[in-house]
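Chemist: Have a look at this one.
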Amino acid sequence: MDSSRKKIFIWGAGGQGRVVLDILRENKNFEIVGFIDSNKKLKGKIVDGVEVLGDKSVLKGLHQKGVQTGIVAIGTNTDRCEVADYLRAHKFHLVNAIHPRAFITSNVVIGSNVTITAGAIICVHTVVGDDVIINTGAIVDHHSIIGKGVHIAPGAKLAGGVEIGGKAFIGIGAVIIQYLKIGNNSIIGAGSVVLKDIPDRVVAVGVPARVIKKIK
């Protein structure tokens, strides 16, 4: 193996982990040493050619061996943020997985531990916070703000100036018109069309989107 490549682990050996693995394999600067996963039944398994090394108990040994870089590949927002913050607290460096066939303008600001998959479009002066997932074919137009831990599902479309609060989830194919705000921890259902601001910790669905319940 090329010794000049940075050794990296992926936390999460499920579907999101496989997506991130595929993206990182496109980047010749990384050598993936293995998956970390809290499911102890997966230890020693081979996932798409990469071994599951174990749970967080292996981190100390990895750090001592010079493997001090990782990325968290967990679809659930709260879990992804908690693991990412745990790794930062333990002096691990978190990188981004950005597919080479995503289109991102040069003046977009992107945090750490961000995954942007194939076909996503992110336009001028957008800010993407830490621990965000922007999924396949999603569009985030100009001057939008994507908060920490947000997950934007495939095919969602955000018009210009939209602000998405921390850990919100935007469902597949959802549409949000310009300059609206989606509250922290809120969920926008698949295919919904959002025509007005959505408060914190609610589920909104439909065309137009309406709040149907609060999230405790």
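Heads up: the sequence shown runs through residues 935 to 1150, numbered per my numbering. Each residue gets a CB set at the ideal place from its N, CA and C atoms; glycine is no exception. Here the structure is a predicted model, which means the values were calculated and not measured.
Please report the distance separating the alpha-carbon of Val953 from that of Val1145.
Modeler: Residue 953 sits at position 19 when you count from the first residue of the sequence shown. Residue 1145 sits at position 211 when you count from the first residue of the sequence shown. Each residue's Cα considered, the two are about 32 Å apart.
Chemist: State the start and end residues of the unbroken alpha helix (DSSP H) segment that holds Gly949.
Modeler: Translated into the one-based positions of the sequence shown, residue 949 becomes position 15. Looking at the DSSP string, the run of the alpha helix (DSSP H) that includes Gly949 is Gly949 to Glu960.
Chemist: What separation, rounded to the nearest whole angstrom, lies between the Cα atoms of Val941 and Phe969?
Modeler: Position 7 of the sequence shown holds residue 941. Position 35 of the sequence shown holds residue 969. Correcting the residue identity first, residue 941 is Lys in this sequence and not Val. Their Cα atoms are separated by approximately 12 Å.
Chemist: Identify whether Val1145 lies in helix, strand or coil by the three-state DSSP scheme.
Modeler: Along the sequence shown, one-based indexing puts residue 1145 at 211. Correct three-state label for Val1145: strand.
Chemist: Would you say the region 1043–1059 touches the region 1129–1146, given that touching needs at least three Cβ pairs under 8 Å?
Modeler: Fewer than three Cβ pairs drawn from the region 1043–1059 and the region 1129–1146 lie within less than 8 Å of each other, which leaves the two stretches out of contact.
Chemist: Any contact of the region 1054–1065 with the region 986–994, i.e. 3+ C-beta pairs under 8 Å?
Modeler: no
Chemist: Go through its chain and collect everything with a Cβ distance to Met935's Cβ below 7 Å, but skip five positions before and after it.
Modeler: For the purposes of this step, residue 935 is taken as residue 1 along the sequence shown, with counting starting at 1. Reliability of the predicted coordinates at Met935 is poor, the pLDDT of 46 falling under 50, and no value is obtained from them.
Chemist: Whole angstroms is fine: what's the gap from Ile1044's alpha carbon to Ser1126's?
Modeler: Position 110 of the sequence shown, counted from the first residue, corresponds to residue 1044. Position 192 of the sequence shown, counted from the first residue, corresponds to residue 1126. C-alpha separation (whole angstroms): 26 Å.
Chemist: Which residues share a DSSP beta bridge with Ile1116?
Modeler: Position 182 of the sequence shown holds residue 1116. According to DSSP, which records beta bridges pairwise, Ile1116 is partnered with Ile1098 and Ile1132.
Chemist: By how many angstroms is the C-alpha of Gly978 removed from the C-alpha of Ala1090?
Modeler: For this step, residue 1090 is matched to residue 156 along the sequence shown. For this step, residue 978 is matched to residue 44 along the sequence shown. Cα to Cα, the separation comes out at about 36 Å.
Chemist: Give me, in chain order, the residues of the same chain whose beta-carbon lies closer than 8 Å to that of Gly1004; leave out the 5 immediate sequence neighbours on both sides.
Modeler: Taking the first residue of the sequence shown as position 1, residue 1004 is located at position 70. Cβ neighbours of Gly1004 beyond the five flanking positions: Ile942, Phe943, Ile944, Trp945, Ile970, Leu1021, Phe1026, His1027, Leu1028 and Val1029.
Chemist: Near Gly1117, what residues of its chain come up, given a Cβ to Cβ distance below 6 Å and the 5 sequence neighbours on each side ignored?
Modeler: By 1-based counting over the sequence shown, the position of residue 1117 is 183. Only Gly1099, Ile1132, Pro1133 and Asp1134 meet the Cβ criterion.
Chemist: Got a sec? Which residues, its chain only, sit under 6 Å from Val1006 by beta carbon, not counting five neighbours each side?
Modeler: Position 72 of the sequence shown, counting from 1, holds the residue named residue 1006. Trp945, Arg1014, Val1017, Ala1018 and Asn1047, listed in sequence order.
Chemist: So for Met935, helix, strand or coil by DSSP?
Modeler: Residue numbering aside, residue 935 sits at position 1 when the sequence shown is read from its first letter. Unreliable positioning characterises Met935 in this predicted model, as indicated by a pLDDT of 46, which lies under 50. The coordinate reading is nonetheless provided below. Here Met935 sits in coil by DSSP.
Chemist: Here's a check: name, in chain order, each residue in its chain whose Cβ is nearer than 6 Å to the Cβ of Ser972, leaving out the five neighbours to either side.
Modeler: Along the sequence shown, read from residue 1 onward, the residue named residue 972 stands at position 38. These residues qualify, in order along the chain: Asp989.
Chemist: Apart from the five residues just before and just after Asn1011, which ones in its own chain have a Cβ nearer than 6 Å to its Cβ?
Modeler: In the sequence shown, the residue the question calls residue 1011 occupies position 77. Excluding residues within five positions, the ones whose Cβ falls inside 6 Å are Gly1083, His1085 and Lys1101.
Chemist: Suppose the cutoff is 7 Å on Cβ atoms and the five residues either side in sequence are ignored; what does the same chain contact list for Ile1111 look like?
Modeler: For the purposes of this step, residue 1111 is taken as residue 177 along the sequence shown, with counting starting at 1. Answer for Ile1111: Ala1093, Val1128 and Leu1129, listed in chain order.
Chemist: Residues bridged to Thr1049 by DSSP?
Modeler: As a working mapping, residue 1049 is identified with position 115 in the sequence shown. DSSP, once it has assigned bridges, lists Ala1031 and Ile1067 as partnering Thr1049.
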